[in-house]
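Residue numbers (the UniProt record's numbering): 1 to 84. All residues carry an ideal CB built from backbone N, CA and C; glycine is no exception.
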């Protein structure tokens with residue numbers, strides 16, 4: 001090892017920058033959720049549990065039903081009033 005090192009051209013931050021298509025956030029999740037995804041990643045021969053969480057959220061968004069629009073609600077209320 002040298003006695004002195006020159007860090008004048010050094011840069012702060014991660015050595016490998018994160019994917020520009022992703023947004024870095026800090027989020028608190030329950031320990032059992034993290035443990036579940038870590039186990040799933042281990043079963044998948046070392047996948048990334050964060051990617052698995054991202055994929056699960058994306059899948060949930062895809063399967064979420066579209067909320068009813070105002071016209072449908074208005075028609076529904078008129079029909080219910082006729083029945084009552």
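Cβ-based neighbour list, residue i, same chain, cut-off 7 Å, excluding 5 preceding and 5 following
| i | result |
| --- | --- |
| residue 18 | 24 |
| residue 41 | 47, 48, 49, 52 |
Inter-residue spacing [alpha-carbon to alpha-carbon] between residue i and residue j
| i | j | result |
| --- | --- | --- |
| residue 21 | residue 29 | 23 Å |
| residue 57 | residue 63 | 10 Å |
| residue 51 | residue 34 | 12 Å |
| residue 37 | residue 1 | 41 Å |
| residue 61 | residue 27 | 18 Å |
| residue 55 | residue 13 | 27 Å |
| residue 59 | residue 4 | 52 Å |
| residue 39 | residue 32 | 10 Å |
Endpoints, alpha helix (DSSP H) assigned at residue i
| i | result |
| --- | --- |
| residue 17 | Counting along the chain, residue 17 falls outside any alpha helix (DSSP H), and DSSP gives it neither H nor E. |
Could I get the ranges of all uninterrupted alpha helix (DSSP H) runs contained in the region 25–75, with 4 residues as the minimum, in chain order? 31–43, 49–63
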